[in-house]
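Scroll down for the structure; my scribbles are underneath it.
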Amino acid sequence: EAGVTQSPTHLIKTRGQQATLRCSPISGHTSVYWYQQALGLGLQFLLWYDEGEERNRGNFPPRFSGRQFPNYSSELNVNALELEDSALYLCASSRPGTSGGIQETQYFGPGTRLLVL
Amino acid sequence: AQKITQTQPGMFVQEKEAVTLDCTYDTSDPSYGLFWYKQPSSGEMIFLIYQGSYDQQNATEGRYSLNFQKARKSANLVISASQLGDSAMYFCAMRLSGGYNKLIFGAGTRLAVHP
């Protein structure tokens with residue numbers, strides 16, 4: 002069974018540009034999550050999509066947005082890039098549900114390293 | 002406020018020995034899940050083990066076991082028979098029930114396994 006895939010692996014942008022990151026979940030998983038791992042800030046929850054809808058959002062400005070497609074893959078868009086957006090962006094997927102049980106374990110992809118110059 | 006605390010920034014262990022990585026959590030929610038993930042230098046987060054708040058027994062997965070002490074709000078990871086490939090960052094995380102689904106991560110512990 003294929004794991005979560007993310008593209009690109011690395012992305013270099015300049016301040017003010019837009020970045021688009023992509024994620025394909027594990028087959029059978031309908032929920033996709035995005036996390037940011039920035040130096041010194043740890044892992045922070047960004048967004049949760051399920052069945053094409055945004056279900057929850059972390060404490061990030063509106064220039065962080067995304068969407069989920071009918072095949073459950075997802076895009077994360079970061080507009081008006083700032084230097085502090087440089088980070089590893091991790092995508093995770095899980096089976097649907099909100100009970101908090103092991104069946105909803107989030108499995109992560111390899112990440113996209115975004116560097117903003 | 003929901004929070005995960007990992008007080009050991011770095012740990013080292015001799016190959017084939019056991020090591021315990023500490024994790025304490027704070028929540029008033031009675032229903033939650035606790036997770037441990039391993040992050041090698043490549044960056045990918047690898048799921049290791051899960052403990053539900055209502056589970057009566059400590060979770061085990063191969064060489065990994067979770068020492069769950071609910072009253073103390075601790076969920077320490079025990080790695081037995083350490084291997085060189087265990088060298089990585091280890092993150093403790095918590096997920097609350099109720100539809101929020103986000104994982105709350107600790108700061109992580111960097112484990113170095115020495116031959």
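Top to bottom, those sequences are chains A and B.
Going by this note's numbering, the first residue of the first sequence is number 2, and it counts up by one from there.
Going by this note's numbering, the first residue of the second sequence is number 2, and it counts up by one from there.
Here a beta-carbon is modelled for each residue, glycine too, at the ideal position from N, C-alpha and C.
- The three-state reading of DSSP puts A/GLY112 in coil, since its state is none of H, G, I, E or B.
- For B/ARG96, the pairing in a beta bridge is given by DSSP as B/GLY34, B/LEU104.
- In this structure A/ASN78 is exposed. Its beta-carbon is surrounded by fewer than 16 other beta-carbon atoms within 10 angstroms.
- The beta carbon of B/SER32 lies closer than 6 Å to those of SER54, SER98 in the same chain, with the five residues before and after it left out.
- The region 22-35 of chain A and the region 6-13 of chain A touch, with three or more beta-carbon pairs separated by less than 8 Å.
- In this chain, the beta strand (DSSP E) harbouring B/LYS4 covers 4-6.
- For A/ASN57, the C-beta contacts it makes with chain B under 9 Å involve GLY100, TYR101, ASN102, LYS103, in order along the chain.
- Exclusion of the five residues before and after B/ALA94 leaves ILE5, LEU35, PHE36, TRP37, TYR38, LEU104, ILE105, PHE106, GLY107 as the residues of its chain whose Cβ lies within less than 8 Å of its Cβ.
- Annotated three-state conformation of B/GLY11 is strand, per DSSP.
- A/GLY110 places its beta carbon 8 Å or farther from that of A/LEU89.
- When the Cα atoms are used, A/THR31 and B/PRO116 turn out to be separated by approximately 42 Å.
- Of all alpha-carbon atoms in A/GLU76, A/GLY4, A/GLY41, the one lying nearest the alpha-carbon of A/TRP49 is that of A/GLU76.
- Membership of A/ASN57 in the beta strand (DSSP E) is indicated by the continuous run 54-58.
- Going by DSSP, B/PHE69 is part of the beta strand (DSSP E) stretching over 65-70.
- Assigned with DSSP and collapsed to three states, B/ILE80 falls in strand.
- Assignment of B/GLN40 by DSSP, reduced to helix, strand and coil, places it in the strand class.
- The beta carbon of B/ALA108 falls within 8 Å of a beta carbon belonging to chain A, placing the residue at that interface.
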